[in-house]
Each structure stands twice: as C-alpha cells, then as structure tokens.
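A.B. asks: Dropping a structure here in structure tokens format, bear with me for questions.
Numbering (our numbering), first residue to last: 48 to 427.
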C-alpha cells in the first residue's frame, strides 16, 4: 500500500524527512496538541494545534518542515513571515507569525512555525462550483484581496512568488469557544498505517462561505493570502520547479523574476478562476510559448528580448495557443457585459514587458475590482 499523502518514509537525503505527527500528540514540551491535519506540500505538512498559552488555549496552524527543507526555511521563509507580520497595522490579509521552534523526530530536526489558521482554499471553492467556474463577483473579491496583500508586500520589496488558487484562503473563526464545537461535530481525523507509519489524512477547516453566495454576502467574506514558501525579498531569482504561471521573463535564457511577476500570476489566476482553463500551459520551447502569448495578449515583447538565446525562433505571427484571445476565452464563462471589463483587467496584468504591467496598487484600484470592496450595508 502506498502513502495516500506525503511519503513519511522518504529520507531527508532524497528531499523528505516529514514529521510523523499523530492526533492528540503533544510537542514542544507539551505546549502544542495536534488536533487535525490541514494539508501538506513538498516541503512541509500543516496541522491544526491547540496551544496552551499563558492566558487560555488558542487554536493555530503549525507548519512543520521536512528535515530536508528546515534549514533553508529558517533562512528564507521565517524572516519573511516575521516581516509580513509587521504589516498587520495595514489590515492586510496575510499570515500572522505566532512563534517558531525546533522539534526532533526519528528523521531528524524540524523547523516548526506557528501562525493563524485558515480554512479551505480558492481552489477547493472552485472545485465545488458549476463547471469549476466561479462567478465574477466571487473572483473579484478573491483577486482584490490578493492585490491588496501584494500591494503591502511589494511596498516592503517582498515578491510572493506563488500567487495561485492554492495560496488564497477563506478565513476561519478561530475563537476556542466557537471552533471546538464545530470540530467536535465533524468527522474525526482519518488515519492509515502504511509501512509502519501512522499517516493522517488532510482535513481542512470548513467554512460557511459558498461559491454561489450573493454579492452582498461575498463583500464581507474574510479572505487571506498565504503560502509564502516561494517569497523573496529585495533580490529575486527564478526558483527551480516554480512555473510562475509561465511568466515570459522566467522562460528566457537570461531568466528573471520580480514584483511584476506576481502581477502576471494574478492575471492568470483571474482567468483560471473564471474559466477553469490555465492560460499559456502549453508544450514547446520558450520562443513558441512567448509567440503564443503575443498572439493572445496582442502585446509586444521588449526589443531587448530578441537577442535572447531562447527566442531565436520567436515569431510575432504565430498562433499556437489554445485560445484565440482573452475575450474569446471569457465569452463562454461570463455574461457578455462582463467580457470587456474583465478582459481589460486581465490584459493589463499580462503585459509581456514586466515594466508595463499594472502595479499591485493600481490593480487594487482598478475599476473592475471596485465592487469587490463595496460596503454591504447598501447605504454607502
């Protein structure tokens, strides 16, 4: 039998060394009790924990890194998370750092970071929608929140580097008196024994928000931006294995990324949430991909790129994309009156020249997102 989620037997030398947590286990000298598993990724697993604080028990999320990833996370993700927490005064919907410590397991030593817990992701919300397409007003709320968070990050020269449907979360009420009855009413965590390891299946926190909620309710949603594992500050370089939604600057021989790469990802995410189609996810060399981007966006690449080794076969006349234009891709997914304004926002994010894209501040103030932050009182 294979592991249903993270491979607990994967050695640190092979990029693994996951922490083998079990339900009701207490760690860090008994301060934290494992309640349920919220999710996992290639470098960590995240758990809902009950922290015995000095005042009263508090629920939070505990991200436990693999042995292989812990040292790097200590030097990169942890400092950025601390810096991001300082941005709380701007009321940004970003992770809040609660503390960190090291924990020992049979695999080695793990960095553990406690932060505010979140509920299900935008991707999970999308999967529950008709044809996996979210309504325009829901997407506007999600994208506005992301743009607002990026504006705060970019002001501090922090590139998120991972803006996608898995990095935007719906909020959860974390007060103990509210959350405990909810947890008690839900199915208990499922555990499976594989190769001598007890593995716990992920069980994200539930939310009352629905994909088909009316706009007057959606404007009051608590939405958060998380997943800072790809974030970089002040100096930026493309990471191996990160697609950056195929931002053209990352495909070059002289590949680069910047704060403006986040904006490209935001535009791609907007299109994907509305249409359930990934933009520019196509095979082939960089020249063919960027030629298709030119055809779809009707935008020009920087002249300096023509000297790049990977763009020798670039053609401004190529049409190798799965859609003819942003507008045509939206026509089957949104009301005809929404096609033009929506396409205008997306195309402003998807300028091929990174310097010509909207800034995060300009995104959040864009007319297309104006209703996302409207007051629900109906009098303002």
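Glycine included, each C-beta is placed from N, C-alpha and C at the ideal position.
So, for residue 285: in the same chain, excluding its five sequence neighbours on each side, which residues have a beta-carbon less than 6 Å away from its beta-carbon?
C.D. replies: Closer than 6 Å at the Cβ level, and outside the excluded window around residue 285, lie 297, 302 and 304.
A.B. asks: Residues bridged to residue 329 by DSSP?
C.D. replies: According to DSSP, residue 329 bridges with nothing at all.
A.B. asks: I'd like the ranges of any alpha helix (DSSP H) spanning at least 4 consecutive residues and lying wholly in the segment 338-376.
C.D. replies: none
A.B. asks: Spell out the partners DSSP gives residue 87 in its beta bridges.
C.D. replies: 92
A.B. asks: Can at least three beta-carbon pairs, one atom from the segment 272-282 and one from the segment 201-208, be found at a separation below 8 Å?
C.D. replies: yes
A.B. asks: Mind the definition here: the segment 155-169 touches the segment 116-124 only if three or more C-beta pairs lie below 8 Å; say whether that holds.
C.D. replies: yes
A.B. asks: According to DSSP, what are the bridge partners of residue 80?
C.D. replies: 73 and 97
A.B. asks: Which of helix, strand or coil does DSSP assign to residue 161?
C.D. replies: Annotated three-state conformation of residue 161 is strand, per DSSP.
A.B. asks: Give me the Cβ distance between residue 165 and residue 143, rounded to the nearest whole Å; I'm assuming they're in contact under 8 Å.
C.D. replies: Rounded to whole angstroms, the Cβ separation of residue 165 and residue 143 is 10 Å, and the two are not in contact under 8 Å.
A.B. asks: DSSP beta-bridge partners for residue 109?
C.D. replies: 94 and 161
A.B. asks: Determine the direct distance from the alpha carbon of residue 371 to that of residue 294, and round the result to whole angstroms.
C.D. replies: In a straight line, the C-alpha of residue 294 is about 19 Å away from that of residue 371.
A.B. asks: Residue 252 bridges to which residues according to DSSP?
C.D. replies: DSSP lists 166 as partners of residue 252.
A.B. asks: Please decide whether residue 324 counts as near chain B, where near means a Cβ-Cβ distance under 8 Å.
C.D. replies: The structure shown contains no chain B, having only a single protein chain.
A.B. asks: Would residue 312 be called buried (16 or more neighbouring beta carbons within 10 Å of its own) or exposed?
C.D. replies: Label assigned to residue 312: buried.
A.B. asks: Residues in the same chain with beta-carbon distance under 6 Å from residue 348, minus the five sequence neighbours each way, listed in chain order, please.
C.D. replies: 399
A.B. asks: Tell me which same chain residues have a C-beta within less than 6 Å of the C-beta of residue 182, skipping the five on either side of it?
C.D. replies: Within the same chain, and ignoring the five residues on either side of residue 182 in sequence, no residue has its Cβ closer than 6 Å to its Cβ.
A.B. asks: Taking 8 Å as the cut-off, does the segment 376-394 touch the segment 180-200 (at least 3 CB pairs, one atom from each stretch)?
C.D. replies: Three or more pairs of CB atoms, one per stretch, sit closer than 8 Å, so the segment 180-200 contacts the segment 376-394.
A.B. asks: Helix or strand or just coil, what does DSSP make of residue 49?
C.D. replies: coil
A.B. asks: Note the first and the last residue of the continuous beta strand (DSSP E) segment covering residue 217.
C.D. replies: 215-217
A.B. asks: With DSSP as the reference, identify every bridge partner of residue 207, one or two as the case may be.
C.D. replies: Its beta-bridge partners do not exist; DSSP assigns none.
A.B. asks: Could you check where the alpha helix (DSSP H) with residue 237 kicks off and where it finishes?
C.D. replies: Per DSSP, residue 237 belongs to no alpha helix (DSSP H) and is neither H nor E.
A.B. asks: What would DSSP say about residue 142, mapped onto helix, strand or coil?
C.D. replies: coil
A.B. asks: Scan the segment 281-337 and note each continuous alpha helix (DSSP H) run of 4 residues or more that stays entirely inside, going in chain order.
C.D. replies: 306-322
A.B. asks: For the beta strand (DSSP E) holding residue 201, just list the boundary residues, first then last.
C.D. replies: Careful: residue 201 lies outside any beta strand (DSSP E), inside the alpha helix (DSSP H) at 183-202.
A.B. asks: Determine the contact status of residue 212 and residue 252, defining contact as a CB-CB distance below 8 Å.
C.D. replies: no
A.B. asks: Considering just the uninterrupted stretch of the beta strand (DSSP E) at residue 271, what are its terminal residues?
C.D. replies: 270-272
A.B. asks: Restricting to Cα atoms, I'd like to know which of 81, 56 and 117 is closest to residue 104.
C.D. replies: 81
A.B. asks: Looking at residue 214 and residue 52, is the spacing between their C-beta atoms short of 8 Å?
C.D. replies: no
A.B. asks: Once DSSP output is grouped into helix, strand and coil, what is the label at residue 19?
C.D. replies: Residue 19 falls outside the range modelled here, since the chain spans only 48 to 427, and no answer is possible.
A.B. asks: Let's see if you can read the secondary structure: which residues bound the beta strand (DSSP E) around residue 220?
C.D. replies: That residue, residue 220, is in no beta strand (DSSP E); it is neither H nor E in DSSP.
A.B. asks: Going by DSSP, what residues sit across from residue 61 in a beta bridge?
C.D. replies: When DSSP reads this structure, residue 61 sits in no beta bridge, so it has no partner.
A.B. asks: From the DSSP secondary-structure annotation, give me the bridge partner or partners of residue 246.
C.D. replies: 239
A.B. asks: With burial defined as no fewer than 16 other Cβ atoms inside 10 Å of the residue's Cβ, what is the status of residue 173: buried or exposed?
C.D. replies: buried
A.B. asks: What does the alpha-carbon distance come out to for the pair residue 426 and residue 323?
C.D. replies: Below a pLDDT of 50, predicted positions are generally treated as unreliable, and residue 426, at 47, falls in that range; no measurement from the model is reported.
A.B. asks: When burial is assigned at 16 or more other CB atoms within 10 Å of the CB, is residue 111 buried or exposed?
C.D. replies: buried
A.B. asks: I'd like the span of the alpha helix (DSSP H) that includes residue 411, first residue to last.
C.D. replies: Looking at the DSSP string, the run of the alpha helix (DSSP H) that includes residue 411 is 407-411.
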